[in-house]
Amino acid sequence: MPWLDIYEVSLTTSQLAHLLRRAISGPQLGFEAQYRGQTAAQVVDLLMAPVEPPPPPTDATGKTFHDLSFGAPETTQDTRNNLNNQQRQLLKQWWIGLMAQPAHRFREKMVLFWQNHFVVASQDVNDVRFMYRYNDLLRKHALGNFRTFVLEITQDPAMLWYLNGNENVVGRPNENYARELMELFTIGLGNYAEEDVKAAARVLTGWQAVGYRNANTPTVGVNFRFNQHDSDNKQFSAHFQNKVIKSDVGLAELEALVDMILQQPETARFIVRKLYRWFVAAEISKEIEENFIEPLAAEFRQDYEVAPVVKKLLRSEHFFAESQIGAQIKSPLDLAIGTLLGLGLAAPSPISNRSGYDGFTNYILGLTRPLEMEVMEQATVFGWRPYYDTGLYKLWISGTSLGLRGQFTDQVIQGLPLRGIYTDLIHVAGSVSEPSDPVVLIRELWGWFIAVPLSDEILTRLVDDVFLEGIPRYEWTGIWNAYQAGKDNQSRFLAVHTRLMALFMYLFRLAEYQLC
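Each position in the sequence shown, counted from 1, maps to that position plus 708 in the working numbering.
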């Protein structure tokens, strides 16, 4: 198997849908026409094309809030807390709105990956300005240089607050961030010693977040306190060739620490494995490790540029192997965003349709909470459990979560006007090549929405039992054509719409719909 060789041939509908499910949560309605005849390399280039930075989040009045102070000095603590909680909600809605805009989808999928890698939980930081700056930093480096990324995330005010960097001072080093920097953010468990954590914590002494919930400080930032920095040399173990980081100013020591970690071969492997599990599959066999992870990590190690690694992964022969298609379980966000965009829906404009925008984004946010994937609210620094725990993707599914997933797809298919969700099932059906033919209709809809192959047995059941409920197939042709000839006729509309609603609700309730 060529593994990392570029998959050269034009993508089939199934392969294209597979790529879009993994890279941007799912194909958007009309995707076949947009990408017809293109190769994996061409599609990936389009997905990864640069996009303009998004405007900052706003409240319902159109006012940006990320740089506001927490009220006047006399403002009560309860008032400040309420204001901050409202703004944190708006920040999450804003990010979900970006995920649900076609032009932003790939970049935001990468931002989501890094938010689950360099975890910071909003409820623990509890300062919306810190969290906006953190989210913006993830976006800035999502496809950039990993070395630069690590340097800047280490100095990020939200990260300093979340993992106690503020408390890390000479004589009383706090090891929390140093430990997670090695175990979770770079080199992985088992590739450093306890003495390395202690030495790294001393390297990191002296950094301080500025402006936390300060009524008199409208902006936030970070500074370095020289008098709180450990000015002695720091000795590391044989895991790092017994390196000594000599006393210097804070940034110089930080750069020396990061460079030391990045020089270890296991660091590149660790990051490539996480990208593999995010985009390809949970299980990494010895064969995959040797033929895919190792050579891709060797390339990553040369300059630690993220974009080339992701590009190689998504356009590789291995990515398009039949065994990979439908091999993941959709995350709650992939389910929500993929379903909505697949039905031709996108987040309304926060400027021209604020009520619809708020309803739409808040609805998705409300769905992800009970499904345990609320953005910027991981329960632990390890991230969402299905990306690190035993069983991985399987943990997304339980009796409770499956019911909530089905309830969500039912509601979207029926439409939620108060949430800005108006689902036009007839328009979706009309996008197939021959909507008047029930076999063509169902075969193409299956290919768009469901990853696994459609068997003749399932096709027959869907057409004759679920969709047509026993009537002859030619009658659907008459029903569809009659509606096309008189779209203002309510009875003709209902004859089409009722059957389509039953079909879509059945399709989206299938176990196969949970796969990607």
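For every residue, glycine included, the Cβ atom is placed at its ideal position computed from N, Cα and C.
message = Quick check on the DSSP output: the alpha helix (DSSP H) that includes Gly-1186 runs from which residue to which?
response = The residue labelled residue 1186 in the question sits at position 478 within the sequence shown. For Gly-1186, the uninterrupted alpha helix (DSSP H) run begins and ends at 1181 to 1193, by DSSP.
Helix, strand or coil at Phe-826 according to DSSP, with G and I counted as helix = For the purposes of this step, residue 826 is taken as residue 118 along the sequence shown, with counting starting at 1. Reduced to three states, the DSSP call for Phe-826 is coil.
message = Classify Ile-1045: buried if its beta carbon has 16 or more other beta carbons within 10 angstroms, exposed otherwise.
response = On the sequence shown, residue 1045 is found 337 positions in, with the first residue counted as 1. Around the beta carbon of Ile-1045, 16 or more other beta carbons lie within 10 angstroms, which makes this residue buried.
query = Using the beta-carbon count (16 or more within 10 Å), is Arg-1127 buried or exposed?
reply = In the sequence shown, counting from the first residue as 1, residue 1127 sits at position 419. That one is buried.
query = Does the Cβ of Ile-1001 lie closer than 7 Å to at least one heavy atom of the ligand FMN?
reply = By its list of ligands, the structure shown contains no ligand whatsoever, and the ligand FMN lies outside what it can speak to.
task = For His-937, collect the residues of the same chain with a Cβ closer than 7 Å to its Cβ; drop the 5 residues on either side in sequence, then sort them by chain order.
result = Numbered from its first residue, the sequence shown carries residue 937 at position 229. A distance below 7 Å between beta-carbons, with the five flanking residues on each side excluded, links His-937 to the following residues of its chain, in chain order: Val-878, Thr-913, Gly-914 and Gly-958.
task = For the beta strand (DSSP E) containing Asn-931, list its first residue and its last residue.
result = As a working note, residue 931 is residue 223 in the sequence shown. 929 to 932 is the extent of the beta strand (DSSP E) around Asn-931.
task = Mind reading off the beta-carbon distance from Trp-1104 to Pro-1040? Whole number of angstroms is fine, and I expect it under 8 Å.
result = Residue 1104 sits at position 396 when you count from the first residue of the sequence shown. Residue 1040 sits at position 332 when you count from the first residue of the sequence shown. Indeed they touch by this definition, with Cβ atoms about 7 Å apart.
Candidates Phe-978, Ala-989 and Val-833: closest to Gly-1099 by CA position = Residue numbering aside, residue 1099 sits at position 391 when the sequence shown is read from its first letter. Of all alpha-carbon atoms in Phe-978, Ala-989 and Val-833, the one lying nearest the alpha-carbon of Gly-1099 is that of Ala-989.
message = Within the continuous beta strand (DSSP E) that includes Gln-916, where are the two ends?
response = As a working note, residue 916 is residue 208 in the sequence shown. Taken as a continuous stretch (DSSP letters only), the beta strand (DSSP E) holding Gln-916 covers 915 to 918.
ask   = Going by DSSP, what residues sit across from Ser-722 in a beta bridge?
value = Translated into the one-based positions of the sequence shown, residue 722 becomes position 14. Bridge partners of Ser-722: none, in fact.
inquiry  = Along the chain, where does the alpha helix (DSSP H) containing Thr-894 start, and where does it finish?
reply    = Looking up residue 894 in the sequence shown gives position 186. Note, Thr-894: premise wrong, no alpha helix (DSSP H); not H, not E.
request  = Would you kindly report the start and end of the unbroken alpha helix (DSSP H) that includes Val-1148?
outcome  = The residue you call residue 1148 lines up with position 440 of the sequence shown. First-last of the alpha helix (DSSP H) with Val-1148: 1146 to 1157.
query = Where do the ends of the alpha helix (DSSP H) carrying Val-751 lie?
reply = Along the sequence shown, one-based indexing puts residue 751 at 43. Looking at the DSSP string, the run of the alpha helix (DSSP H) that includes Val-751 is 748 to 755.
Local Cβ density within 10 Å of Glu-1142, reported as buried at 16 or more and exposed below that = Here residue 1142 corresponds to residue number 434 of the sequence shown, with the count starting at 1. So Glu-1142 counts as exposed.
DSSP bridge partner residues for Leu-1124 (one or two, in chain order) = Residue 1124 sits at position 416 when you count from the first residue of the sequence shown. Beta-bridge annotation (DSSP): Leu-1124 is paired with Ile-1129.
ask   = The alpha helix (DSSP H) with Met-1209 in it runs from where to where?
value = Along the sequence shown, one-based indexing puts residue 1209 at 501. Unbroken alpha helix (DSSP H) run through Met-1209: 1198 to 1217.
request  = Count the other C-beta atoms from every protein chain shown that fall within 10 angstroms of the C-beta of Gly-1111, then say buried if there are 16 or more, exposed otherwise.
outcome  = Within the sequence shown, numbered from 1, the residue matching residue 1111 stands at position 403. By the neighbour-count rule (16 or more Cβ atoms within 10 Å), Gly-1111 is not buried but exposed.
query = Is DSSP giving Leu-846 helix, strand or coil here?
reply = Here residue 846 corresponds to residue number 138 of the sequence shown, with the count starting at 1. Leu-846: helix per DSSP, three-state reduction.
key: Extent of the continuous alpha helix (DSSP H) run through Met-867   = Counted from its first residue, the sequence shown places residue 867 at position 159. That run of the alpha helix (DSSP H) goes 865 to 870.
task = For the alpha helix (DSSP H) containing Asn-1070, list its first residue and its last residue.
result = Numbered from 1 along the sequence shown, position 362 holds the residue referred to as residue 1070. Counting along the chain, the unbroken alpha helix (DSSP H) around Asn-1070 starts and ends at 1062 to 1076.
query = Given 8 Å as the limit, is there contact between the region 1044 to 1064 and the region 743 to 757, that is, 3 or more CB pairs closer than that?
reply = Touching, no, given that fewer than three Cβ pairs across the two stretches are closer than 8 Å.
key: Coil, strand or helix - Ser-1109 by DSSP   = Position 401 of the sequence shown holds residue 1109. In this structure, Ser-1109 counts as helix in the three-state DSSP scheme.
query = From this set, Gln-736, Lys-942, Ala-908 and Thr-862, which residue's C-alpha is nearest Ala-725's C-alpha?
reply = As a first step, residue 725 must be located in the sequence shown, where it is residue number 17. Of Gln-736, Lys-942, Ala-908 and Thr-862, the smallest CA-CA separation from Ala-725 is found for Gln-736.
query = In chain order, what residues of the same chain lie with their CB nearer than 7 Å to the CB of Asn-899, ignoring the 5 residues before and after it?
reply = As a first step, residue 899 must be located in the sequence shown, where it is residue number 191. Result list for Asn-899: His-947, Gln-972 and Glu-974, in chain order.
inquiry  = Let me check one thing: in DSSP terms, what residues is Val-1089 bridge-paired to?
reply    = As a first step, residue 1089 is located in the sequence shown; it is residue number 381 there, counting from the start. Partner residues in a beta bridge of Val-1089, as assigned by DSSP, do not exist.
task = Using beta-carbon positions only, say whether Arg-910 and Asp-835 come within less than 8 Å of one another.
result = Stepping through the sequence shown from its first residue, residue 910 is reached at position 202. Stepping through the sequence shown from its first residue, residue 835 is reached at position 127. The Cβ atoms of Arg-910 and Asp-835 lie no closer than 8 Å to each other.
message = Quick check on this structure: which residue in Thr-1088, Ala-1190, Val-827 and Tyr-1095 has the alpha carbon closest to the alpha carbon of Leu-846?
response = Numbered from its first residue, the sequence shown carries residue 846 at position 138. The shortest Cα separation from Leu-846 among Thr-1088, Ala-1190, Val-827 and Tyr-1095 belongs to Val-827.
task = Look up Gln-949 in the DSSP assignment and give the residues it is bridged to.
result = In the sequence shown, residue 949 corresponds to position 241, counting from 1. Beta-bridge analysis with DSSP links Gln-949 to no other residue.
inquiry  = Whether or not the region 799 to 818 and the region 1064 to 1081 are in contact is what I'm after, with contact meaning three or more pairs of Cβ atoms, one per stretch, closer than 8 Å; do they touch?
reply    = Put simply, the region 1064 to 1081 touches the region 799 to 818. At least three CB pairs are less than 8 Å apart.
request  = Put Arg-880 into one of helix, strand or coil per three-state DSSP.
outcome  = The count along the sequence shown starts at 1 and reaches residue 880 at position 172. Residue state, collapsed to three classes: strand.
request  = Grab the span of the alpha helix (DSSP H) containing Gln-785 for me, first residue to last.
outcome  = Within the sequence shown, numbered from 1, the residue matching residue 785 stands at position 77. Counting along the chain, the alpha helix (DSSP H) containing Gln-785 begins and ends at 785 to 807.
query = Asp-1011 lies in the alpha helix (DSSP H); which residues open and close that run?
reply = Sequence index remark: in the sequence shown, residue 1011 carries index 303 (1-based). Boundaries of the alpha helix (DSSP H) around Asp-1011: 1002 to 1011.
task = Check each candidate in Pro-865, Ile-895 and Trp-1184 and name the one with the smallest Cα separation from Gly-929.
result = As a first step, residue 929 is located in the sequence shown; it is residue number 221 there, counting from the start. For the set Pro-865, Ile-895 and Trp-1184, the Cα lying nearest the Cα of Gly-929 is the one of Pro-865.
task = Check the C-beta distance from Leu-1049 over to Gly-734 and give it rounded, since I have them as a contact under 8 Å.
result = Residue numbering aside, residue 1049 sits at position 341 when the sequence shown is read from its first letter. Residue numbering aside, residue 734 sits at position 26 when the sequence shown is read from its first letter. Between Gly-734 and Leu-1049 the Cβ distance is about 6 Å, and since that is below 8 Å, they are a contact.
message = Just to check my reading of the structure: Ile-1129 and Phe-1216 have Cβ atoms closer than 8 Å, yes? What is that Cβ distance to the nearest angstrom?
response = As a working note, residue 1129 is residue 421 in the sequence shown. As a working note, residue 1216 is residue 508 in the sequence shown. The beta carbons of Ile-1129 and Phe-1216 sit about 14 Å from each other, so the pair does not count as a contact at 8 Å.
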